[in-house]
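Enquirer:
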Amino acid sequence: MTRMRQSQLFTKTRKEAPSDEVAKNAQLLIRAGFVHKEMAGVYDLLPLGLRTFEKVVSVIREEMNKIGGVEMHLSALQDPAVWQKTDRWSDEKVDSWFKTSLKNGGELGLGFTHEEPLTNLMREQISSYKDLPTYPYQFQTKFRNEARAKSGLMRTREFVMKDLYSFSKNSTEHMAFYEKAAEAYKKIFERVGLGDKTYMTFASGGSFSKYSHEFQTECEAGEDVIYIDDASKQAINKEVYDDAEVYKTTGINKATLREAKAIEVGNIFTLSTRFSEALGLKYKNQEGTEVPVFMGSYGIGPARLMATVAELLSDAKGLVWPKTIAPFAVHLVELSAGNEDVKKEADEVYAQLTAAGVEVLFDDRDARAGEKFADSDLIGIPLRVVVSQKTIASGAFECVERATGHTTHKTLSELITDLSHV
RNA sequence: CGGGGCGUCGUAUACCGGUAGUACGUCUGCUUUGGGAGCAGAAUGACCCAGUUCGAUUCUGGGCGCCCCGACCA
């Protein structure tokens, strides 16, 4: 669906944010009708929110496909057996499990990540060096029993993650891909409008390896503290700030670093053979020797990314979406006040823009100008096109850029020409 | 999980040991129509369970829920 009449959009905007939301991202997304809070750390995507979410997903998907990613979809329900093999089933090892049980009493888990089932599955697919490298990925719901959900959509208990896993022959082949993945990630953050403020950040490797890389977007609402090197656009996570080896590896001068709060919008890990060895994922090399597959994992949460954009690119009037992830390209607003000529003209503009392939949200509601403008500002679609008696008389429609407030007047054909360039 | 705070119409807020007011939204009517309109009317509310009390939305205890700080974040 590339268009929508606002009279049929069931979500309503609100003047005030709910008192239980402090985070700006949640306040704006709820006020504009993009999301609904189901419970702490659990949000529903409403029509506008879903559209933006899907746009973010598309951007990520395109970049993953470009570097050889192959999309698939794994189950959320998890068999304990495979997790026991890597020692990640017990609540002592992993405290964020949501666990449930079968009617017959058998235990199940709701996946918080997918290294185990995928590695296990790939044993059927990988047996020779000829099968490598390979890069399966998915957009899939993760469940994490966070001790504390916080910051609106930033840290939730149920969320979709794009997780890509690389299966390589050795660390050299792995590192080549790791660097390609890092470049793809940079492109993703640029495309969604966060390029200026997102830094590839040296971080601890968790339980997998000594170091990993996070993509951190500088933002006051973030929960991480990073140290930014503006010259190289790199950063260092506070957790490894005092590690001398980090400076040797990166060549960063500790003295020039600037402290900032940031949101982790993506991360990439070298997993090495930690999972392939535990689960027996091996391949035969050219000499006929069995070797464990060398792995990596690469995650991005599209909803967190959407929330980060909401947090950073909004203004006092509401959301300001970049064209790449806006729910619609154009917000067509008719100010007919019941005037049939204006209505007819607006309908015509709606039909023609749609026919030209432009995604349009058409505010055909019987509401006053002030309310329509306020809603339009709140929702944050990049371009507002106004159809009213005034614009009909002048022969050109008023076009207002949401981000800048810049206003121009264009005929329908000029408008279509402009928009089809995007 | 430790600490703190908070639960009142759909939303945001107020007051009160004697069953609750305002604003926005909603409904009806009239007026208005380029920046969240005006007038008149209407409907809608105390998280749950105990206790104290003649009487509890108010006080006490417990539960549940939500937010914030911290810890955690594979």
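Quick note: the first sequence uses the working numbering, first residue 10, plus one each step. For glycine and all other residues, C-beta sits at the position ideal for the given N, C-alpha and C.
#1: Quick one: what's THR417 bridged to in DSSP?
#2: Name the residue from VAL396, ILE388, VAL409, SER397 whose alpha carbon lies nearest to the alpha carbon of LEU55.
#3: Below 8 Å between beta carbons: does that hold for ALA378 and LEU424?
#4: Who pairs with VAL395 in a beta bridge, going by DSSP?
#5: Answer yes or no: do GLY308 and THR165 have a C-beta to C-beta separation smaller than 8 Å?
#6: In whole angstroms, what separates the C-alpha of GLU182 from that of ALA190?
#7: Within 10 angstroms of the Cβ of ARG411, are there 16 or more other Cβ atoms? Answer buried if so, exposed if not.
#8: Just the Cα atoms here: how many angstroms apart are ILE432 and THR22?
#9: Within 10 angstroms of the Cβ of ALA316, are there 16 or more other Cβ atoms? Answer buried if so, exposed if not.
#10: With burial defined as no fewer than 16 other Cβ atoms inside 10 Å of the residue's Cβ, what is the status of GLY202: buried or exposed?
#11: Please list the terminal residues of the continuous beta strand (DSSP E) segment that includes MET304.
#12: Give me the Cβ distance between ILE272 and GLN225, rounded to the nearest whole Å; I'm assuming they're in contact under 8 Å.
#13: Give me the DSSP bridge partner(s) of LEU86.
#14: Considering Cα atoms alone, identify which of GLN149, GLY77, VAL302, GLY115 is closest to SER84.
#15: Is it true that the CB of LEU288 sits closer than 8 Å to the CB of LYS151?
#16: Count the C-beta pairs between the stretch 94-113 and the stretch 57-77 that are closer than 8 Å, then say yes if the count reaches three, no if not.
#17: Scan the stretch 33-62 and note each continuous alpha helix (DSSP H) run of 4 residues or more that stays entirely inside, going in chain order.
#18: Are the beta-carbon atoms of VAL351 and LYS381 separated by less than 8 Å?
#19: Given THR416, which residues of its chain have a CB within under 6 Å of its CB, disregarding the five upstream and five downstream residues?
#20: How many Å lie between ASP427 and TYR146 at the Cα?
#21: On the criterion of 16 or more Cβ atoms from any shown chain inside 10 Å, does ASP172 qualify as buried, or is it exposed?
#22: Leaving out the 5 sequence neighbours to the left and right, which residues in its chain are closer than 8 Å to ARG374 when beta-carbon positions are compared?
#23: Taking SER323 and MET304 to be in contact with their CB atoms under 8 Å, please state how far apart those CB atoms are, rounded to whole angstroms.
#24: With a threshold of 8 Å, are at least 3 pairs of Cβ atoms found where one atom belongs to the stretch 276-283 and the other to the stretch 251-260?
#25: What's the C-alpha gap between ILE39 and GLY58?
#26: Please list, in chain order, all residues of the same chain as LYS206 whose beta carbon is under 6 Å from its beta carbon, the five residues on each side excluded.
#27: What are the boundary residues of the beta strand (DSSP E) that includes ARG283?
#28: When burial is assigned at 16 or more other CB atoms within 10 Å of the CB, is LEU119 buried or exposed?
#29: Have a look at VAL396, LEU421, GLN398, ASP386 and flag the residue whose alpha-carbon is nearest the alpha-carbon of GLY414.
#30: Should HIS222 and ASN276 be called a contact, given that it needs their Cβ atoms to be closer than 8 Å?
#31: What is the DSSP secondary structure of ASP172, counted as helix, strand or coil?
#32: Residues in the same chain with beta-carbon distance under 8 Å from PRO126, minus the five sequence neighbours each way, listed in chain order, please.
#33: Quick one: what's got a C-beta closer than 8 Å to ASP233's C-beta in the same chain, skipping five residues either side?
#34: Would you identify the three-state DSSP class for GLU268, choosing helix, strand or coil?
Expert: Reading from the atomic positions:
#1: Position 408 of the first sequence, counting from 1, holds the residue named residue 417. According to DSSP, THR417 bridges with CYS408.
#2: The residue labelled residue 55 in the question sits at position 46 within the first sequence. Ranking VAL396, ILE388, VAL409, SER397 by Cα distance to LEU55 puts ILE388 first.
#3: Here residue 378 refers to the residue found at position 369 of the first sequence. Here residue 424 refers to the residue found at position 415 of the first sequence. ALA378 places its beta carbon 8 Å or farther from that of LEU424.
#4: For the purposes of this step, residue 395 is taken as the residue at position 386 of the first sequence. In DSSP, VAL395 forms a bridge with VAL342, GLU407.
#5: Looking up residue 308 in the first sequence gives position 299. Looking up residue 165 in the first sequence gives position 156. Going by C-beta atoms, GLY308 is not nearer than 8 Å to THR165.
#6: If you number the first sequence from 1, residue 182 lands on position 173. If you number the first sequence from 1, residue 190 lands on position 181. Roughly 13 Å between the two C-alpha positions.
#7: Working through the first sequence from its first residue, we reach residue 411 at position 402. Buried.
#8: Because the chain spans 10 through 431 in this model, residue 432 falls outside it and cannot be assessed.
#9: For this step, residue 316 is matched to residue 307 along the first sequence. With 16 or more Cβ atoms within 10 Å of its Cβ, ALA316 is classed as buried.
#10: Position 193 of the first sequence, counting from 1, holds the residue named residue 202. Residue environment for GLY202: buried (at least 16 other C-beta atoms within 10 angstroms of its C-beta).
#11: On the first sequence, position 295 is the one that residue 304 refers to. For MET304, the uninterrupted beta strand (DSSP E) segment begins and ends at 303-309.
#12: Here residue 272 corresponds to residue number 263 of the first sequence, with the count starting at 1. Here residue 225 corresponds to residue number 216 of the first sequence, with the count starting at 1. Sure, about 7 Å apart at Cβ, within 8 Å.
#13: Within the first sequence, the letter at position 77 stands for residue 86. According to DSSP, which records beta bridges pairwise, LEU86 is partnered with LEU119.
#14: Sequence index remark: in the first sequence, residue 84 carries index 75 (1-based). The shortest Cα separation from SER84 among GLN149, GLY77, VAL302, GLY115 belongs to GLN149.
#15: Position 142 of the first sequence, counting from 1, holds the residue named residue 151. Position 279 of the first sequence, counting from 1, holds the residue named residue 288. No, Cβ-Cβ distance for LYS151 and LEU288 is not below 8 Å.
#16: Counting Cβ pairs under 8 Å, fewer than three are found: no touch.
#17: The qualifying runs are 33-40.
#18: Counting from 1 along the first sequence, the entry for residue 351 is found at position 342. Counting from 1 along the first sequence, the entry for residue 381 is found at position 372. No, these two residues do not count as a Cβ contact at 8 Å.
#19: Residue numbering aside, residue 416 sits at position 407 when the first sequence is read from its first letter. Around THR416: VAL409.
#20: By one-based count along the first sequence, residue 427 stands at place 418. By one-based count along the first sequence, residue 146 stands at place 137. So the alpha carbons of these two residues sit roughly 36 Å apart.
#21: If you number the first sequence from 1, residue 172 lands on position 163. Buried, because 16 or more other Cβ atoms sit within 10 Å of the Cβ of ASP172.
#22: The residue you call residue 374 lines up with position 365 of the first sequence. Around ARG374: GLN15, SER16, LYS381.
#23: By one-based count along the first sequence, residue 323 stands at place 314. By one-based count along the first sequence, residue 304 stands at place 295. Between SER323 and MET304, the beta carbon gap of about 38 Å keeps them out of contact (Cβ cut-off 8 Å).
#24: Output reads no: the stretch 251-260 does not touch the stretch 276-283.
#25: Numbered from 1 along the first sequence, position 30 holds the residue referred to as residue 39. Numbered from 1 along the first sequence, position 49 holds the residue referred to as residue 58. Distance between ILE39 and GLY58, taken at the CA atoms: about 9 Å.
#26: By one-based count along the first sequence, residue 206 stands at place 197. The residues are THR226, GLU227.
#27: For this step, residue 283 is matched to residue 274 along the first sequence. Per DSSP, ARG283 belongs to no beta strand (DSSP E); it is in the alpha helix (DSSP H), 283-288.
#28: Taking the first residue of the first sequence as 1, we reach residue 119 at position 110. LEU119 is classed as buried because its beta carbon has at least 16 other beta carbons within 10 Å across all chains shown.
#29: For the purposes of this step, residue 414 is taken as residue 405 along the first sequence, with counting starting at 1. Ranking VAL396, LEU421, GLN398, ASP386 by Cα distance to GLY414 puts ASP386 first.
#30: Your numbering for residue 222 matches position 213 in the first sequence. Your numbering for residue 276 matches position 267 in the first sequence. Yes. Within cutoff.
#31: Your numbering for residue 172 matches position 163 in the first sequence. Looking at ASP172 - three-state DSSP - the assignment turns out to be strand.
#32: Residue mapping note: residue 126 aligns to position 117 of the first sequence, counting from 1. For PRO126, where only same-chain residues beyond five positions count, the Cβ hits under 8 Å are LEU83, SER84, GLN87, ASP88, VAL91, GLY120.
#33: Within the first sequence, the letter at position 224 stands for residue 233. By the criterion of a C-beta distance shorter than 8 Å, ASP233 is surrounded in its chain by GLU223, GLN225, ASN246, LYS247, LYS270, ALA271, ILE272, GLU273, once the five residues flanking it on both sides are discounted.
#34: Residue 268 sits at position 259 when you count from the first residue of the first sequence. Note: GLU268 maps to strand in three-state DSSP.
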